[in-house]
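Accompanying notes for the structure given below.
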Amino acid sequence: MAASNRPTAPLSRDYWKLALDAVDPALVSSLNLTKTKRHDVLAAVLRTCEDKRALCMQKRWRFKKPSGDVIFIRDVLEKITKWVDRFREVGDAAVQFDMSHASLPWAGVRFLLQATVNDVGIFGAMATNLETISRLIASYQEFEQLHIQQGSAVGGPLEESLTRLYAAILTFLAEAVRYYHDSTAIRISKSPFRSMENPHMQRVLAQESEVLKLAGLADTERLLRLQTVMMRLSDQATVSEKFLQESKYRELVNWLSPTRFYQHHADHSERRLAETGQWLLDHPKYRQWRTSSSSSILLVHGIPGCGKSMLTSKVIDSLLSERLANPATAPFAYFYCADYEAEPERRQPEDILRSIVRQLGVSSQPPRRVRDTVLSEYERRQAEAEIGGCELLKLQVSDSLKLTLALISTDPVTIVVDAVDEVQEKKRFELLNALHQLVFITSRDNNHVLALLPDASKIRVQTEGNQKDVKYFVRDQVDRVIQEKRLLNGCASQDLRDDVVKTLIDGAGEMFLWVTLQIEYLCHMKHEQDIISTIRKRNLTNLDGIFAYIVTRILESEKVGRDIAIRVFSCLLFTKKPLTATAIISAVCLSSPTNQPPIEASSLLDVCFNLVVIDPKSMALRFAHQSAQEFIRTKAIFSELSAQRLLASSCLHVCMQGPPDHNNAVPLLEGTFYRYGTISRLVIPSNGRFINDNDGADESLSYIIWLDYAKQFAQELSKEGPKKHALNAISSSNISPLFTASVFGLEGLLNLVSSRALGSLNWNQKNLNDQTGLYLAAAFGHDLIVSRFIREGADIEITCGEHGSALAAACFAGHTAVIEFLLARGASARSDNTFSNALEAAFHGSHENIALLVLKSGYVCSQSNYDAALQGAAQAGFLNIVVWL
1 MAASNRPTAP LSRDYWKLAL DAVDPALVSS LNLTKTKRHD VLAAVLRTCE DKRALCMQKR
61 WRFKKPSGDV IFIRDVLEKI TKWVDRFREV GDAAVQFDMS HASLPWAGVR FLLQATVNDV
121 GIFGAMATNL ETISRLIASY QEFEQLHIQQ GSAVGGPLEE SLTRLYAAIL TFLAEAVRYY
181 HDSTAIRISK SPFRSMENPH MQRVLAQESE VLKLAGLADT ERLLRLQTVM MRLSDQATVS
241 EKFLQESKYR ELVNWLSPTR FYQHHADHSE RRLAETGQWL LDHPKYRQWR TSSSSSILLV
301 HGIPGCGKSM LTSKVIDSLL SERLANPATA PFAYFYCADY EAEPERRQPE DILRSIVRQL
361 GVSSQPPRRV RDTVLSEYER RQAEAEIGGC ELLKLQVSDS LKLTLALIST DPVTIVVDAV
421 DEVQEKKRFE LLNALHQLVF ITSRDNNHVL ALLPDASKIR VQTEGNQKDV KYFVRDQVDR
481 VIQEKRLLNG CASQDLRDDV VKTLIDGAGE MFLWVTLQIE YLCHMKHEQD IISTIRKRNL
541 TNLDGIFAYI VTRILESEKV GRDIAIRVFS CLLFTKKPLT ATAIISAVCL SSPTNQPPIE
601 ASSLLDVCFN LVVIDPKSMA LRFAHQSAQE FIRTKAIFSE LSAQRLLASS CLHVCMQGPP
661 DHNNAVPLLE GTFYRYGTIS RLVIPSNGRF INDNDGADES LSYIIWLDYA KQFAQELSKE
721 GPKKHALNAI SSSNISPLFT ASVFGLEGLL NLVSSRALGS LNWNQKNLND QTGLYLAAAF
781 GHDLIVSRFI REGADIEITC GEHGSALAAA CFAGHTAVIE FLLARGASAR SDNTFSNALE
841 AAFHGSHENI ALLVLKSGYV CSQSNYDAAL QGAAQAGFLN IVVWL
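Be aware that the sequence shown starts at 1, since it is given in full-length UniProt numbering, and climbs by one per residue.
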């Protein structure tokens, strides 16, 4: 590599020579043993590093520090290589000549790396210390140019201190060389070099601290900038992977984790001001964590609204930049946790870990590649599912952990997890216990999280750290609302602007969210004097106070705006999937008692006082911050029961209206509330209003259209998912709502079907899947519907469906109330399809209590029945039944 063309003046003194003169002559003789005839010592060091690195890769060497941290030795050797390259870039070309004094420490490093040691612990400790020595040699060469040559007020003491540091380095190297030249017996008795923390290295580090103190904090900041985080590299030679066709790639990703982690990051990254977050990357604990060769956790924690997710996005962007600059960068994965009802996978440990496996094992860029370990696991499970005729099983926490460990067995890995406090407390341990690699985690100040991570390095977000970011954020946000005419219609005076900025900076502490909400609060004021009075009083000093004020304002608004806000919040709290702003506007307006015409998205944000925002990428509507969602959820008006009633009403009204633009322009109505009401809610009107009494052609048509779309939507759902089974079951040759009522337990609809039937209703009719209404009601656990079918004379013993009978279907699904009712009505336990009897269905459904219920009903009436029951119970692992029998 060519030397840097940085202009440098000749050094006035050779500090390595001065240091060598200060070393004990007996130790100098040990250093002389390291001399080499090679002209390019640095090239020799690099070759030795590469040889040792290959050996470490082959033998997968790692060792454990006294603290328990596991060190990847290949990672340490890569860092030494980086420091050598750094020295050559910045360095003095004279080093490459025969044996200048500056080349002597590098010769010592090379000699010690070449030393053959069978003890991995000793070699690992030595390599780790040599990485520190390499850092010092490379960094302080440039230190000489920046501090000594440029002149300094403490020049004399600084030169003396630097000389002592170099002497300490040479002493360490000489003592290490002497250690390797001793006999084996003597080496065994010498403990210092069996540990990273030997006294010679401690003296080196202590002397470095003295140099830094003399250089001064302001000057050493420049040095710290030089100590660039060593990019961790992936050994592509050891990566075993296969290329996939696009179709198989999508199947694999959907099985592994369809979570759009990249979209979550893009949302945070785009909203982060470019100038913010650098303080964290410059933080000593962060730098130490990034350069660590051991498995370690860095926890960044702080109060709600202090910008932890933005800091996470800063860290991820820095990792992405490294990968863009060097594709061989070691792999990393990230995840933004969130407690959203619409995205439950973002708070579940198994889903989080699946996403991490996907990122580490599957390439997202064409050509599609997947690591062999991941593909083998997928194909194995796929084969088992096909043989057993069952659903393709997802990875559980232990499965994902095994795959992750296999993926990182040769490569160092970085994992970034944001908002781990959003994971349910009872499951949090499961997640954090699995993450013992190089992990960056953010969390609120949460005692449970802190207790689960006692050994983690911790950085608390405080005013001292992010004050510069807060100031920049305040000025940017105030100027933005003035420019957008939201504050006093853009007519705020400069004095008012300055007063608002100062007040917000003084009161914010480390909270960005507090600033955002305060500005929103001020934007609803119409007169400058009101704003001046408000900022002087400083009444709203915490988040809960601001949230309480905003929610009160919403609930005291005009009826239309109030109703819209309540419906929007209810949708966001309890919908089962993210919805676009357009879909939610459709739902809240069409289902409004006043038949409110659609409103603009900006108006919707306004009536919600900007507690909700629109994601610019997905156009999904969501809460502006997790703490806003948590506060609103505490209000009685937004209880789950109240919200679910509103959602059911909204689904009903939207389905009654029929699909938007029913012209097949958008065949599957992606992103509409109509689609959501059909698939996610599966809400059908229990009052039967889809079928009109007199002039009801339109509503009957609405049901027919709904049924048609339900069948189309069902084709997209998971092969074994319950929603797919439900939607597939409602289709019949005569388009009868009987099966819809049976599947969803809609007694009112069943009454309507019965009352309007022409002649007597056939209660034993079958759908397109050869299932009766009684069978479906039993399979889905609707005991009242089952009772109605029996009263109307439905055949309780009719053979139909996959499980053969209504009783067998209920036993397989585990619906106790239905089973008790059927047994009381004399239903036979025999079955003539998948299962030979209801007891076998209970065994295969893993329902021990149900199996016992069937047995106690008198099933065992012969020796053959007894033998079959005993064998089935034993195979199912039902010990209580074995004992009972």
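By construction, the Cβ of each residue, glycine as well, lies at the ideal position given by its N, Cα and C atoms.
Residue closest to residue i, alpha-carbon to alpha-carbon, out of the options
i           : options                : result
Q114        : I73, V45, R62          : V45
K82         : T373, R460, L130, L839 : L130
residue 933 : E160, L158, R53        : Residue 933 cannot be examined here, being either before or after the span of the chain that is shown, 1 to 885.
K35         : L77, F143, D51, A174   : A174
H844        : E251, G814, F638, L375 : G814
W279        : T291, L450, A266, K314 : K314
M310        : W289, D469, Q871       : D469
L513        : K537, A628, E425, A434 : A628
R354        : W255, L298, F429       : W255
G826        : Y180, E848, H847, E797 : E797
R346        : P284, F631, Q626       : Q626
K394        : V357, R428, V28, A26   : V357
E343        : I881, E630, C608, P578 : P578
Residue i and residue j closer than 8 Å at C-beta
i    : j    : result
V439 : V417 : yes
V515 : V474 : yes
C56  : I73  : yes
L158 : L214 : yes
I316 : L431 : no
I585 : A565 : no
H782 : G748 : no
F878 : A851 : yes
I459 : V300 : yes
V461 : S443 : no
L738 : G793 : no
A829 : A810 : no
V786 : V818 : yes
L543 : R622 : no
Y334 : H268 : no
A869 : F835 : no
M201 : T132 : yes
E510 : N466 : yes
K617 : Q359 : no
Where the beta strand (DSSP E) containing residue i begins and where it ends
i    : result
A333 : 332-336
L298 : 297-302
R62  : 62-64
I408 : Careful: I408 lies outside any beta strand (DSSP E) and carries neither H nor E.
I614 : 612-614
Supposed contact pair residue j and residue i - C-beta distance, whole angstroms, cut 8 Å
i    : j    : result
I532 : D498 : I532 to D498, Cβ: 12 Å. No contact.
E341 : T575 : 7 Å
F63  : G121 : 5 Å
L42  : L104 : With a Cβ gap of about 13 Å, L42 and L104 do not count as contacting.
H803 : F812 : 5 Å
Q288 : E350 : No, Q288 and E350 are not in contact; Cβ-Cβ is about 32 Å, not under 8 Å.
L496 : Q518 : Going by Cβ atoms, the distance from L496 to Q518 rounds to 14 Å, so no, they are not a contact pair.
A842 : L776 : Not quite, the Cβ-Cβ distance comes to about 19 Å (not below 8 Å), so this is no contact.
C800 : K766 : 6 Å
I554 : F631 : Not quite, the Cβ-Cβ distance comes to about 12 Å (not below 8 Å), so this is no contact.
Residue i: first and last residue of the uninterrupted alpha helix (DSSP H) it sits in
i           : result
T414        : Taken as a continuous stretch (DSSP letters only), T414 belongs to no alpha helix (DSSP H), being part of the beta strand (DSSP E) at 414-418.
S627        : 626-633
F261        : 261-271
L311        : 308-325
R622        : Premise fails: R622 lies in the beta strand (DSSP E), 621-623, not in any alpha helix (DSSP H).
V854        : 848-854
residue 904 : Shown here, the chain extends from 1 to 885; a query on residue 904 therefore has no answer.
I71         : No alpha helix (DSSP H) holds I71; the beta strand (DSSP E) holding it covers 70-72.
F780        : Per DSSP, F780 belongs to no alpha helix (DSSP H) and is neither H nor E.
G845        : It is not in any alpha helix (DSSP H) - G845 carries neither H nor E in the DSSP assignment.
**Request:** Could you tell me which uninterrupted alpha helix (DSSP H) segments, each at least 4 residues in length, are contained entirely in the stretch 516-549, listed from first to last along the chain?
**Result:** 528-537
**Request:** Any chance you could list the alpha helix (DSSP H) runs of at least 4 consecutive residues sitting entirely within the stretch 371-400, in chain order?
**Result:** 372-388
**Asked** Of all the alpha helix (DSSP H) runs that stay within the bounds of the stretch 102-127, which reach a length of 4 or more residues?
**Response** 104-114
**Message:** Threshold first: 4 residues or longer. Then list the alpha helix (DSSP H) segments lying entirely within the stretch 450-512, N to C.
**Reply:** 463-483, 494-508
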